[in-house]
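**Q** Numbering (our numbering), first residue to last: 1 to 331.
For every residue, glycine included, the Cβ atom is placed at its ideal position computed from N, Cα and C.
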Ligand code: TXA
Ligand code: MG
């Protein structure tokens with residue numbers, strides 16, 4: 001199939017692109033669009049055959065549930081059976097924004113969306129293009145990240161095109177996504193909120209609004225049977241091995257002449273004595289690092305390398321989401 005590239009520019013042509021994308025969605029087709037985190041691959045959330053096409057295009061097993069994107073808390077209530085007072089507080093604090101809430105699903109949300117689970121993930125994105133698309137479509141839109149299953153999430157329209165171009169109907173090109181890693185996922189179906197995936201909104205920020213938040217490992221240790229759908233340990237991964245190393249080990253490793261091409265992602269500049277084939281220096285602050293990490297992984301993935309070495313990250317809470325993603329990338 002030919003994938004239409006709909007460039008969003010300010011003014012009349014931008015409007016046209018959004019209207020074309022909304023019309024395609026309403027016909028049951030697949031449209032990739034930018035959110036503030038990463039690009040999503042959208043289909044009408046209440047249209048089961050359209051949702052099934054997402055799984056085909058990504059090559060994703062049907063056991064991985066999708067996030068339903070909505071404009072606001074009012075629209076979120078349409079896909080949720082019992083809206084929680086904690087959800088109200090969290091939505092007031094963080095929506096629109098990079099927080100996904102897991103809540104009991106409404107009856108008309110197809111099993112395809114939730115992978116048969118009784119709960120659904122909902123999030124109101126803040127990206128103006130995502131919001132314009134949701135407003136014009138007028139209904140909830142299910143969207144996973146717009147990449148082939150297990151691959152690194154896309155932060156530009158070009159990443160989407162390279163990964164699933166030809167398999168989807170259109171890509172709304174709204175430029176690079178500002179946050180760069182996926183949303184924080186918080187499960188509200190239990191007594192204590194459970195952090196399923198760390199992201200741009202930290203555990204401390206969540207606790208500031210709803211009190212105690214448990215981590216997935218903690219809950220598992222305490223014996224609670226928790227499904228962690230789609231949380232495969234290896235995920236968000238380039239096709240070459242990724243190793244995360246403290247900077248001393250990284251230097252030691254690089255001081256030995258490598259037998260094959262090595263790419264490095266670090267927060268420091270390339271030392272003069274080191275000779276990796278590619279050295280990508282990312283910002284030393286968590287927000288700046290997140291914005292550029294996936295583009296760096298995509299770039300290194302395209303270069304013929306034997307392995308990718310990544311300098312390990314600080315322990316503080318603002319880096320939690322990034323340590324999680326590097327861990328899943330294989331490090
Ligand atoms: O930032 C994001 O969240 C991006 C943009 C496009 O919104 N989307 C995204 O979707 O990352 P995806 O499908 O790649 O990841 C969805 C995550 C998975 O970890 C999945 O397990 C979890 O959300 N999730 C979705 N629905 C769930 C449910 N009903 N129960 C538990 N976890 C769920
Ligand atoms: Mg994904």
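Kindly confirm or deny that the segment 86 to 93 and the segment 148 to 157 touch, where touching means at least three C-beta pairs closer than 8 Å.
**A** no
**Q** Which residue marks the beginning of the beta strand (DSSP E) containing residue 34, and which one marks its end?
**A** 31 to 34
**Q** Excluding sequence positions up to five away, which residues of its chain have a Cβ less than 8 Å from the Cβ of residue 225?
**A** With a pLDDT of 43 at residue 225, under the threshold of 50, the predicted position of this residue should be treated as unreliable, though the coordinate-derived value follows. Contacts found: none.
**Q** Would the beta-carbon of residue 143 fall within 9 Å of that of residue 40?
**A** Yes, the pair counts as a contact, with Cβ atoms nearer than the cut-off.
**Q** Which residues have a Cβ closer than 6 Å to any heavy atom of the ligand MG, listed in chain order?
**A** 144, 145, 153
**Q** Would you tell me roughly how many angstroms separate the C-alpha atoms of residue 4 and residue 271, rounded to the nearest one?
**A** 44 Å
**Q** Buried or exposed for residue 255, going by 16 or more other Cβ atoms inside 10 Å?
**A** exposed
**Q** Can you tell which of 34, 83, 216 has the C-alpha that lies nearest to the C-alpha of residue 194?
**A** 216
**Q** Are residue 260 and residue 296 touching if we call contact CB-CB under 9 Å?
**A** Their beta carbons are not under 9 Å apart, which means residue 260 does not touch residue 296 by this criterion.
**Q** Sort 186, 171, 59 by Cα distance to residue 120 and report the nearest one.
**A** 186
**Q** Here's the rule I'm using: 16 or more other beta-carbon atoms within 10 Å means buried, otherwise exposed. How should residue 397 be labelled?
**A** Only positions 1 to 331 of the chain appear in the structure, and residue 397 is not among them; the question remains open.
**Q** By the DSSP assignment, the alpha helix (DSSP H) with residue 182 in it spans what residues?
**A** Here residue 182 belongs to no alpha helix (DSSP H), and DSSP marks it neither H nor E.
**Q** Whole angstroms is fine: what's the gap from residue 179's alpha carbon to residue 97's?
**A** 10 Å
**Q** Could you check if residue 117 belongs to the surroundings of the ligand TXA, using beta carbon to heavy atom distance under 8 Å?
**A** Under cutoff, so the answer is yes.
**Q** Count the other C-beta atoms from every protein chain shown that fall within 10 angstroms of the C-beta of residue 125, then say buried if there are 16 or more, exposed otherwise.
**A** Buried, by the Cβ-count rule.
**Q** What does the alpha-carbon distance come out to for the pair residue 182 and residue 122?
**A** 13 Å
**Q** Is the beta carbon of residue 184 less than 9 Å from the beta carbon of residue 198?
**A** yes
**Q** So, using beta-carbon positions, are residue 317 and residue 290 closer together than 9 Å?
**A** no
**Q** If you draw a straight line from the alpha carbon of residue 221 to that of residue 37, how long is it in whole angstroms?
**A** For residue 221, the predicted model reports a pLDDT of 47, less than 50, meaning its position is unreliable; a value from the coordinates is still stated below. When rounded, the distance between both Cα atoms is 30 Å.
**Q** If you drop the 5 nearest sequence neighbours on each side, which residues of the same chain put their C-beta closer than 8 Å to that of residue 61?
**A** 55, 149
**Q** Label residue 85 either buried or exposed according to how many other C-beta atoms from any shown protein chain fall within 10 Å of its C-beta, with 16 as the threshold for buried.
**A** exposed
**Q** Since residue 173 and residue 16 should fall inside the 8 Å C-beta cutoff, what is the C-beta to C-beta distance between them, to a whole number of angstroms?
**A** That belief does not hold up - the Cβ atoms of residue 173 and residue 16 are roughly 13 Å apart, past 8 Å.
**Q** Identify, in the order they occur along the chain, each residue of the same chain with its Cβ nearer than 7 Å to the Cβ of residue 223, setting aside the five sequence neighbours on each side.
**A** Confidence in residue 223 is poor, its pLDDT being 46 and thus under 50, which makes the residue's placement unreliable; the coordinate value appears in the next sentence. Result list for residue 223: empty, nothing under 7 Å.
**Q** I'd like to confirm something about residue 66: is its beta-carbon nearer than 8 Å to some heavy atom of the ligand TXA, or not?
**A** yes
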